[in-house]
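Undergrad:
Number of protein chains: 2
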Amino acid sequence: MGYTKTEIFTDEQNQLAQLLKAMAHPARIAILQRILASNTCICGDLVDELGLAQATISQHLKELKNAGIIQGTIEGVSICYCINPVTWKLLQNQLNYFFSSYKGEINCC
Amino acid sequence: MGYTKTEIFTDEQNQLAQLLKAMAHPARIAILQRILASNTCICGDLVDELGLAQATISQHLKELKNAGIIQGTIEGVSICYCINPVTWKLLQNQLNYFFSSYKGEINCC
DNA sequence: CTTCATCATCGTAATTTTACGATTGATTCG
DNA sequence: CGAATCAATCGTAAAATTACGATGATGAAG
């Protein structure tokens, strides 16, 4: 064992877990905050701003890209990343749905 | 290496990442959905409903509890879990703040 | 007190994640 | 073309995660 048993869960559960996992690292939170803040896209500035090696940043960007949360386009010699609006909206909706199903603390525990 | 360099990130970034990580597994999503659905708390029903071993469920519950997302109280022979309203609200606020800072797709990429 | 039921913990194996140096690929500039 | 720059990829080591059987602890029931 050691791998996640995705086959016993619903597609929705797996998808939400995958999106959350892609965000669940402080470096990737920082990258997303940076992209959200400077609406214009960024690139290897991250290597200077965060204290991580270029290979590591690239790896984190790849994970965010694989999850569909960000997208990148070539901009001359550098690469420009920004939010993927489709996935972003989807994740937002999933989370809204999730949190809205909490009906407050109804005398339990 | 192989460990996360938490010291180079802000407390907020680390905290949000930790909460998301606690949720970022389909089994834990399923557990939370189950707790949210049946507002009354549950226990080892999860072992029957999800297709995972008892030790595995217990481990997932422990992670959710360590992150402060759920809390459990002893209820006779079984244990009753439910949402920790404080952390739940905190996470919701953090995420709302996060998503609200997205200003739509402004011609980039 | 003994047995049963429920859950936590221990120990362990397989896998994944995190991080980085080194290298490669692509594009711009001189 | 050659040098420089930026980013991806490769290879690898350390650590964390996932899963489960076995065992231990605690309270209920007889």
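Top to bottom, those sequences are chains A and B. With the numbering used here as the guide, the letters of the first sequence map in order to residues 32 to 140. With the numbering used here as the guide, the letters of the second sequence map in order to residues 32 to 140. All C-beta atoms, glycine included, are put in the ideal place defined by N, C-alpha and C. Everything numeric in this text was worked out from a predicted model, so none of it was measured.
Which one of A:55, A:74, A:50, A:66 has the shortest CA to CA distance from residue 107 (chain A)?
TA: Taking only the C-alpha atoms, the option nearest residue 107 (chain A) is A:74.
Undergrad: At a CB distance below 8 Å, what residues from the stretch 74-89 of chain B approach chain A? Give them in sequence order.
TA: Under the 8 Å Cβ criterion, the stretch 74-89 of chain B contributes 81, 82, 83.
Undergrad: Please list the partners that residue 51 (chain B) has in chain A, where partner means a Cβ-to-Cβ separation under 7 Å.
TA: What residue 51 (chain B) touches in chain A: 51, 54, 55.
Undergrad: Rounded to whole angstroms, what's the CA-CA distance from residue 112 (chain A) to residue 131 (chain A)? Just pull it up for me.
TA: The straight-line gap from Cα to Cα measures roughly 31 Å.
Undergrad: Whole angstroms are fine: how far does the CA of residue 44 (chain B) sit from the CA of residue 16 (chain A)?
TA: Because chain A here runs from 32 to 140, residue 16 (chain A) falls outside it and cannot be looked at.
Undergrad: Since residue 109 (chain A) is in the beta strand (DSSP E), which residue starts that stretch and which ends it?
TA: Looking at the DSSP string, the run of the beta strand (DSSP E) that includes residue 109 (chain A) is 109-114.
Undergrad: Since residue 133 (chain A) contacts residue 62 (chain B) with CB under 8 Å, what's their CB separation in whole angstroms?
TA: Their Cβ separation, rounded to whole angstroms, is 14 Å, which puts residue 133 (chain A) and residue 62 (chain B) out of contact at 8 Å.
Undergrad: In whole angstroms, what is the alpha-carbon distance linking residue 60 (chain A) and residue 82 (chain B)?
TA: The straight-line gap from Cα to Cα measures roughly 32 Å.
Undergrad: Could you name each continuous beta strand (DSSP E) segment of 3 residues or more that falls completely within the stretch 61-99 of chain B, going from the start of the chain to the end?
TA: Those beta strand (DSSP E) runs which fall completely within the stretch 61-99 of chain B and span 3+ residues do not exist here.
Undergrad: Counting only the same chain and skipping the five closest in sequence on each side, list residues whose C-beta sits under 7 Å from that of residue 64 (chain B).
TA: Counting only Cβ-Cβ distances below 7 Å, and skipping sequence neighbours, we find nothing.
Undergrad: Taking just the CA atoms, how far does residue 87 (chain B) sit from residue 76 (chain A)?
TA: For residue 76 (chain A) and residue 87 (chain B), the distance between alpha carbons rounds to 41 Å.
Undergrad: Name the chain A residues that come within less than 7 Å of residue 133 (chain B), Cβ to Cβ?
TA: By Cβ distance, chain A contributes 67, 114, 119.
Undergrad: Under DSSP, the alpha helix (DSSP H) around residue 43 (chain B) begins and ends at which residues?
TA: First-last of the alpha helix (DSSP H) with residue 43 (chain B): 42-54.
Undergrad: So which of A:42, A:37, A:38, A:51 has the shortest CA-CA distance to residue 123 (chain A)?
TA: Measuring from the Cα of residue 123 (chain A), the nearest candidate turns out to be A:51.
Undergrad: Could you tell me which of A:38, A:119, A:78 sits nearest to residue 95 (chain A), measuring between CA atoms?
TA: Comparing Cα-Cα distances from residue 95 (chain A) to each of A:38, A:119, A:78, the minimum goes to A:119.
Undergrad: For a test of the three-state rule: what should DSSP assign to residue 106 (chain A), helix, strand or coil?
TA: Three-state DSSP puts residue 106 (chain A) in a strand.
Undergrad: Do you know how far the Cα of residue 37 (chain B) is from the Cα of residue 57 (chain B)?
TA: About 25 Å.
Undergrad: What does residue 45 (chain A) touch in chain B if you count any residue whose Cβ is under 8 Å from its own?
TA: What residue 45 (chain A) touches in chain B: 57.
Undergrad: At the 8 Å Cβ level, is residue 95 (chain A) part of the contact set with chain B, yes or no?
TA: False, the Cβ-Cβ gap to chain B never drops below 8 Å.
Undergrad: Is residue 100 (chain B) close to chain A? Criterion is C-beta to C-beta, closer than 8 Å.
TA: So, not an interface residue.
Undergrad: Starting from residue 101 (chain B), follow its DSSP beta bridges and name the residues at the other end.
TA: According to DSSP, residue 101 (chain B) bridges with B:114.
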